[in-house]
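Please read the structure below before turning to the comments.
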Amino acid sequence: MSFDLVNAQSYIPSFDILFEKYPIKRVLEFGEGEGTRYFLEKTSFVCSVEVIVSENHYRWVDKCKESYKAYKEEGKWEQIVIIGGEVLKKVDINCQKGVQTELREYEVHLKDILETSMEYGPYDVAFVDYGIHMRADMVNLLFNKVDIICAHDTGVSPKIYGWDKISPPNNYKRQQFKSEYLGTTFWIKDVV
Ligand SMILES: C[S@@+](CC[C@H](N)C(=O)[O-])C[C@H]1O[C@@H](n2cnc3c(N)ncnc32)[C@H](O)[C@@H]1O
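Numbering-wise, the sequence shown is residues 112 to 303 according to the working numbering.
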């Protein structure tokens with residue numbers, strides 16, 4: 112696999128702390144890659160969700176499938192591939208330009224992605240780090256569906272990812288365990 116490993120996985124020191132504090136067995140990750148191996152080694156089950164909005168994503172899915180096939184055979188890994196339609200492609204392009212689209216125009220599609228992703232649940236943690244840029248919206252949808260939610264890149268590009276839109280309910284507390292340039296933020300439910 113080839114991308115900037117140091118930055119792409121800058122969330123790992125924060126997760127190291129999370130894993131020390133909480134007994135985490137099952138992880139849902141939006142966005143797969145080299146970091147998937149970290150979660151596979153640390154937990155008993157990982158479901159990786161890849162939302163395809165460009166040709167590159169197909170190659171990425173195949174690469175990840177090959178890399179983690181032994182874990183799949185062991186029953187430790189599932190890969191869910193969702194082909195994003197025209198609406199998601201358009202919204203994602205807008206996000207990349209820092210232009211937000213009215214949520215009602217695409218919320219149903221994100222809800223469908225989440226519903227499909229819950230197929231292998233329940234999960235202890237959901238990690239939002241996917242290639243499409245509607246990350247804040249997915250964090251909002253995950254509240255009260257997964258007890259620990261994390262998003263990567265929360266320290267950068269607020270207009271692209273929409274970080275200001277995150278609106279946690281009162282039963283979740285926002286936490287950052289490590290300061291790092293790209294930013295790794297957790298929202299943890301009070302009961303955990
Ligand atoms: C930054 S990666 C992070 C994924 C995962 N959390 C990790 O740390 O490995 C997020 C997304 O970028 C896309 N991506 C990253 N590198 C890619 C590559 N070399 N080719 C195609 N897509 C890539 C994939 O859609 C992937 O899900």
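No residue lacks a Cβ here, since even glycine has one placed at the ideal position from N, Cα and C.
For Lys300, which three-state DSSP category applies? strand
Indicate the three-state DSSP secondary structure (helix, strand or coil) for Lys256 in the structure shown. coil
Contacting residues, own chain, Cβ-Cβ under 7 Å from Val192 (five flanking each side not counted): Glu161, Ile163 and Val172
Any idea what DSSP makes of Tyr292, helix, strand or coil? coil
Closer than 8 Å to a non-hydrogen atom of ligand 1 - does that hold for the CB of Phe313? This structure cannot settle anything about residue 313, because the visible part of the chain is limited to 112 through 303.
Leu221 to Gly195 span [Cα, whole Å]: 10 Å
Helix or strand or just coil, what does DSSP make of Ile191? strand
Segments assigned beta strand (DSSP E), at least 3 residues, entirely inside the stretch 182-251: 188-194 and 236-239
Report yes or no: do the stretch 242-255 and the stretch 199-206 share at least 3 C-beta pairs separated by less than 8 Å? yes
Helix, strand or coil for Lys284? Go by DSSP, reduced to three states. strand
Going by the CB atoms, is the gap between Tyr133 and Val303 shorter than 9 Å? yes
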